[in-house]
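Residue numbers (my numbering): 47 to 322.
Just so it is clear, CB atoms sit at the ideal spot from N, CA and C, and this is done for glycine as well.
Everything numeric in this text was worked out from a predicted model, so none of it was measured.
Read through the structure below, which is laid out as structure tokens, and then see the notes.
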């Protein structure tokens, strides 16, 4: 999804809404820290009751593909909405950073408008570093991933996504660490992470977190969507494969019969004659 946002932004805006250093941080969250937190989930008794996976089945099941597709579409809509129309949605209390054409709302962070007119000038970059609009986009993009980490704990359409979460201290620690670091990066990193010098206002933080947490009820609703709506990547076991398995079993049995018993005796040797 990060690549989609960067690619579309570069094609339409001639710049990516997410800066390279921000993409590196997002990559570390999604690939390293989230993987570490989710990989420490303890096995549950329900795991033993689950049917085994077919040996031909892909790692990404239909359920996974369903949730990935729905969540990706939702997150892209949210990010692009605030990227292209944030100046009409995000409130702004700082008069120096509000939109002169739309008072009370944030100043556009895009360098140019679609008609070629300047929006976020060099003077704005000098005074505020990164734009507050794109700082908001960066923050909401990361918080969408943070709350989706909780959804990712359950991949078989379990409704209770928080089951057993209190028993995984490492997950809670990593999750809280990501939240704290993200807030500090957004508010105080400035030039390092290409964020606004003054960060986000409390109202903007409330909007950011409030919209990001919607991924949790959306994931619950997605559990009621039939898996058949998504393509199946698993290879079905055809009759030929079943016959092949039977042939392999027969060949193995014949090989064992030819090898004879493994206890050192030879049943083919005739027993010695008995004395009368």
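Setting aside the 5 residues that flank it on each side, residue 109 is surrounded in the same chain by 201, 202, 203 and 273, each with a C-beta closer than 7 angstroms to its C-beta; the list follows chain order.
The beta carbon of residue 134 sits closer than 8 angstroms to the beta carbons of 148 and 151 from its chain, once the five residues preceding and following it are set aside; these are given in chain order.
If you keep only unbroken beta strand (DSSP E) runs of at least 3 residues inside the stretch 77-143, you get nothing at all. Between the stretch 91-111 and the stretch 235-245, the count of Cβ pairs shorter than 8 angstroms is below three; the stretches do not touch. Here DSSP, grouped into helix, strand and coil, assigns residue 152 to strand.
In the three-state scheme derived from DSSP, where H, G and I count as helix and E and B as strand, residue 242 is classed as strand.
One alpha carbon belongs to residue 55, the other to residue 70, and they sit about 17 angstroms apart.
Excluding five sequence positions before and after residue 63, the CB atoms of its chain that fall closer than 7 angstroms to its own CB belong to 51, 55, 129, 180 and 183, given in chain order. Counting C-beta pairs closer than 8 angstroms gives three or more between the stretch 187-200 and the stretch 250-267, which meets the contact rule. By the C-beta density criterion, residue 242 is buried, having at least 16 other C-beta atoms within 10 angstroms.
With a cut-off of 8 angstroms on Cβ pairs, the stretch 112-124 is not in contact with the stretch 219-235, counting fewer than three such pairs. Secondary structure note for residue 233: its alpha helix (DSSP H) is the uninterrupted segment 215-234.
Nearest to residue 81 by alpha-carbon distance, out of 61, 216 and 89, is 216. Between residue 123 and the set 186, 98 and 61, the nearest pair of CA atoms involves 186.
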